[in-house]
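Shown next, in structure tokens, is the structure this report addresses.
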Amino acid sequence: MPVGRQTPRASRIWPSGGTHLWASGGTSSRHSHSRGHLVYAAGGVLSVHTEGGTSIVPANRVGWIPAGFAHFHRAHGETDMRIVFLPASLARFLPSRPAVFTASGLAREVLLALTGSREYDRAATARLHRVLVGELDEAHEQPLHLPEPRDDRLRAVARLLHENPADNTPLAGLGRATGASARTLSRLVHDELGMTFYEWRTQLRICHALVLLAEGHDTTHVARACGWANPSSFIAAFTNVMGTTPGRHRADSP
5 MPVGRQTPRA SRIWPSGGTH LWASGGTSSR HSHSRGHLVY AAGGVLSVHT EGGTSIVPAN
65 RVGWIPAGFA HFHRAHGETD MRIVFLPASL ARFLPSRPAV FTASGLAREV LLALTGSREY
125 DRAATARLHR VLVGELDEAH EQPLHLPEPR DDRLRAVARL LHENPADNTP LAGLGRATGA
185 SARTLSRLVH DELGMTFYEW RTQLRICHAL VLLAEGHDTT HVARACGWAN PSSFIAAFTN
245 VMGTTPGRHR ADSP
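Heads up: the sequence shown runs through residues 5 to 258, numbered per the numbering used here.
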């Protein structure tokens, strides 16, 4: 996956955060920060890539990247990316790994306020930071961080599924293509990724579906491209993970 630097259409950066407006496909260079930070897609869908995996951050979700994690961002659809850096005293209340959270109405307003045109003094910024972390502490973590396998055989399976999410080949068939038995792959998925193969493939497909929806594809196309037998099956799986239908998700995205 190329990570060559591209220039955002517009940026506004200050010590506590900032905003980037990315064209679809815009990609940052790989970098890291000395402070943990939150990323929010006020419009579009953002993917955050680290060595440990990929987080998909659609509108109305918040991504968390702890301090020191090398990463790069990619925009899917026209993306309004907001960034809020947190002091270590508050970052300690969030996970030590990248994660994605539901953005409550209050959290969204605080994120927009902290990254808007109004400038807050240090005391007001600190109060808003505390409100934001409090909201995230009560929010549900979303299954939108797709962990990166470490084992070479499992990485080969992941490449096949990323290249073609619609591939419905059973685990045994994928094992024959990558030199491992279904039993071995099933154990690796459980031990390395903490889930079943079915859960992993569903999570991967939902992540791809979010990107395709952000790019303007309709539900029927997305269902077919991501391996569901029909739109109804896709809508049910999407709703189970995201808590809303693909249509409502797209309508609610700014």
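Beta carbons are placed, not taken as given, at the ideal position from N, Cα and C, and that holds for glycine.
What residue does the alpha helix (DSSP H) around residue i start on, and which one ends it?
i	result
Tyr202	201-218
Thr243	235-246
Thr129	126-142
Leu116	109-118
Leu150	Not the alpha helix (DSSP H): Leu150 falls in the beta strand (DSSP E), residues 149-151.
Classify residue i as helix, strand or coil using the three-state DSSP reduction.
i	result
Ser84	In the sequence under discussion, the amino acid at residue 84 is Asp, which differs from the Ser named in the question. Of the three classes helix, strand and coil, the one that applies to Asp84 here is strand, per DSSP.
Gly47	strand
Pro250	helix
Ser93	helix
Arg16	strand
His75	strand
His37	coil
What number of angstroms, rounded off, separates the C-alpha of residue i from the C-alpha of residue j?
i	j	result
Glu219	Arg78	13 angstroms
Ala10	Glu82	Looking at the sequence itself, residue 10 is Gln, so the reference to Ala does not match. If you take the alpha carbons of Gln10 and Glu82, they lie about 14 angstroms apart.
Met5	Ser28	Here Met5 scores only 38 on pLDDT, less than 50, and its place in the model should not be relied on; the value that follows carries that caveat. Whole-angstrom Cα-Cα distance: 16 angstroms.
Leu214	Ala255	13 angstroms
Gln207	Leu148	7 angstroms
Gly8	Thr31	Caution applies to Gly8, whose pLDDT of 47 falls short of 50 and renders its modelled position unreliable; the value that the coordinates give is listed next. Near 7 angstroms, if we compare the C-alpha coordinates of Thr31 and Gly8.
Ala162	Ala229	16 angstroms
Phe73	Ala95	14 angstroms
Asp125	Ala92	19 angstroms
Thr188	Met199	14 angstroms
Gly231	Pro169	6 angstroms
Arg191	Asn172	19 angstroms
Leu118	Val88	7 angstroms
His53	Pro153	13 angstroms
Quick one: give me the first and last residue of the beta strand (DSSP E) that residue i is part of.
i	result
Ser59	57-62
His24	21-26
Gly67	65-69
Thr223	First-last for Thr223: 223-229, but that is the alpha helix (DSSP H), not the beta strand (DSSP E).
Thr106	103-106
With a threshold of 7 angstroms, establish whether the CB of residue i neighbours any heavy atom of the ligand GDP.
i	result
Arg134	Of the ligands one can find in the structure shown there are none, so the ligand GDP has no counterpart to examine.
*asked:* Whether or not the region 67-76 and the region 92-111 are in contact is what I'm after, with contact meaning three or more pairs of Cβ atoms, one per stretch, closer than 8 angstroms; do they touch?
replied: With three or more CB-CB distances shorter than 8 angstroms, the region 92-111 counts as touching the region 67-76.
*Evaluate contact between the region 34-49 and the region 171-187, counting only Cβ atoms and requiring at least three cross-stretch pairs below 8 angstroms.*
As far as the Cβ criterion goes, the region 34-49 does not touch the region 171-187, which means the pair count is below three.
*Taking only runs of the alpha helix (DSSP H) that begin and end inside the region 152-200, which ones reach a length of at least 4 residues, in chain order?*
Counting whole runs of 4 or more residues, the region 152-200 contains the alpha helix (DSSP H) stretches 156-167, 175-182, 186-192.
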